[in-house]
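Asker: With this note's numbering applied, the sequence shown covers 18 to 516. Here it is: the structure, laid out below.
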Amino acid sequence: MAYTSLYRKYRPSTFDEMVGQQHIRQTLKNSIKSASIAHAYLFTGTRGTGKTSTAKIFAKAVNCLHPKEDGSPCNECEVCKALSSPNNLDIIELDAASNNSVEDIRDLVEKVKYAPSVGKYKVYIVDEVHMLTKQAFNAFLKTLEEPPEHVIFILATTEVQTIPATILSRCIRFDFRLIPKEELASHLEKIFVKESVLFDKEAALAIAEAGNGSVRDALSIADMVISYCGNKKIEYSDVLEILGASSPDNIIALCENILQGNLEEALSIANKLINMGKSVQVLSEDIAKMMNNIMFAKNTMDAVKVLGLPIDLFNKVNDASVGVSNYKLYRACEIFTEVQNTLKYSTLSRVVIEVAIAKACDVSSSIDTSSVLARIKDLEGFKRSIQGVSTTEGTTLTAVGVFGRLLNMLNESKRYIPEYSTLTSAGLSKENIVLDNKVFIITVSNEDIAKSLMVYKDTYLKMIKSEFSEIKDIEIRYIKSPVDIRKGQVNELFNKTLN
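Take a look at the structure:
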């Protein structure tokens, strides 16, 4: 007997067997139980999320003689059995991609007049409905709005934005969502058990992640992995091999060198991977995903559960996050995400990835300064108001004067330095700076900004003391919600002082 692919073999036959889409399942069940059946539905969503399967289940459910309590078809009555046959005449599937002309729709309009042969309703499932021509849509309008009482239309599409508004207004619309990775992995595990396939949980999670929210894509990958592994246990490394992904150890080593600014070693590792036959597209995806994993490991308490990596691999990812700033991580993620678009239009894929690696190694030269410049522009009036107050000897020691001179000294630097952008992007004003017993205090209402300022606290203090030797120290403080910060004193409602 010919082999049946997993996504066909395990196509759901009841609402409860569906993966995800709880909002749609519950709505359709309630409409069946209350006998409030509409004449036209529109199912939209990305591929492999269950649009056609749901349409078939619904078509059987509205005709079932003995539906279950939750509204699902029983799949045992004579009508359900008849409708399960591909030769039945009451559930008609029409592929609009190859039947998209006016003549095809006119033929459909003629056929809807005939009563169903075994059930109560004749259900037309029009797949890829967005492929119909403008003329075909127009020919379909009247019948879609006022079909015979025994007819239900279910339109399915992946490109709802191209459907005319006149069609949309005549249908009840359901948006199918991408399936969460955890639900997909659980579904795969159940299938592996039924198929007597040995597997690691991390392997199932890797397949689910590669499915990108699509049940069909995930099951297709699972088919390939099962064939590749034969009778042996499916492991995480097997999934990576099938997907063409690079060894996690190599990718981690590459990412570590990028984050440490070691360009020579980073290019060397990338060169070895490319020469091994790894696709540049896949390599850039692997780097972006690994940078994202490192960011999760650094900032999330339950990163082990979220990432679903083998524990030894997670430990390496966690080690790579030590001592790395979030700024470097998110800039690296941005750079390698942008590579995906660049590669689509470039014939020099190797140059693109190597330039991206060089950028990520030297984030100071690749920083997007647009947001920083916008902040600086907002501060222009404030800076002008303090210039001249603190630049001459003998000036009275004030918070505004100290802050103004610090800004000027940073701005006068002949190179870009992150200390300046960090200070200016904090959005400080006169109300955020005070002098208390010759301690210069900066307050902000965002803890992340406060932590960023703390990184350069020593630099700021050194520069200030070079002009104002009286200053004893700098303190960076933050409050969880804005409060009145009066000049010359620190409000007692500070929640935390960062030391």
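Yeah, the Cβ is synthetic: ideal placement off N, Cα and C, and Gly gets one too.
GLU110 lies in the beta strand (DSSP E); which residues open and close that run?
Answerer: Start and end: 108-112.
Asker: For ASP124, count the other beta carbons within 10 Å of its own beta carbon; 16 or more makes it buried, fewer makes it exposed. Which is it?
Answerer: Per the 10 Å Cβ criterion, exposed.
Asker: LEU260: which of ASN248, ASN279, GLU281, ALA220 sits nearest, CA to CA?
Answerer: Taking only the C-alpha atoms, the option nearest LEU260 is ALA220.
Asker: Distance, Cα to Cα, ALA202 vs VAL140?
Answerer: Using only the alpha carbons, I get a separation of about 33 Å.
Asker: Work out the CA separation of LYS474 and VAL451 for me, nearest whole Å.
Answerer: Roughly 16 Å between the two C-alpha positions.
Asker: Between the stretch 487-495 and the stretch 456-468, are three or more C-beta pairs nearer than 8 Å?
Answerer: Yes: the two stretches touch, three or more of their Cβ pairs being nearer than 8 Å.
Asker: Would you identify the three-state DSSP class for ALA220, choosing helix, strand or coil?
Answerer: Here ALA220 sits in helix by DSSP.
Asker: Can you confirm whether the stretch 163-174 touches the stretch 66-74 when touching is taken to mean that 3 or more C-beta pairs between the two stretches lie within less than 8 Å?
Answerer: Yes: the two stretches touch, three or more of their Cβ pairs being nearer than 8 Å.
Asker: Could you pull out every unbroken alpha helix (DSSP H) segment of at least 4 residues lying fully inside the stretch 55-87, listed in chain order?
Answerer: Correct list: 68-78.
Asker: So is ASP319 buried or exposed if we call it buried at 16+ other beta carbons inside 10 Å?
Answerer: Classification of ASP319: exposed, given that the 10 Å Cβ count is below 16.
Asker: If you draw a straight line from the C-alpha of GLN152 to the C-alpha of ILE142, how long is it?
Answerer: Taking the straight line joining both Cα atoms gives about 20 Å.
Asker: Please go through the same chain and pick out, in chain order, the residues whose beta-carbon is closer than 7 Å to the beta-carbon of ARG367, but skip the five residues on each side of it.
Answerer: So the qualifying residues of the chain are ILE291, VAL297.
Asker: Name the two residues that bound the continuous beta strand (DSSP E) containing ALA173.
Answerer: 168-174 is the span of the beta strand (DSSP E), which, as asked, contains ALA173.
Asker: Which of the three DSSP states, helix, strand or coil, is assigned to GLU448?
Answerer: Note: GLU448 maps to helix in three-state DSSP.
Asker: Reducing DSSP to helix, strand and coil, say where ILE458 ends up.
Answerer: Here ILE458 sits in strand by DSSP.
Asker: Going by CA-CA distance only, name the one from TYR344, LYS85, SER244, ARG190 that's closest to PHE209.
Answerer: Selected option, being the one with the closest Cα: SER244.
Asker: Under a Cβ-count criterion, where at least 16 other Cβ atoms within 10 Å of its own Cβ denotes burial, should GLY247 be classed as buried or exposed?
Answerer: It is exposed - the Cβ of GLY247 has fewer than 16 other Cβ atoms within 10 Å.
Asker: List the endpoints of the continuous beta strand (DSSP E) containing PHE209.
Answerer: Unbroken run through PHE209 is the alpha helix (DSSP H), 198-211; no beta strand (DSSP E).
Asker: Contact defined as beta carbons within less than 8 Å: I believe VAL334 pairs with ILE269. What is the distance between those atoms, to the nearest angstrom?
Answerer: Sure, about 6 Å apart at Cβ, within 8 Å.
Asker: How is the beta strand (DSSP E) around GLU492 delimited, first residue to last?
Answerer: That run of the beta strand (DSSP E) goes 490-495.
Asker: Just to check my reading of the structure: THR31 and ILE74 have Cβ atoms closer than 8 Å, yes? What is that Cβ distance to the nearest angstrom?
Answerer: Correct: roughly 6 Å between the Cβ atoms.
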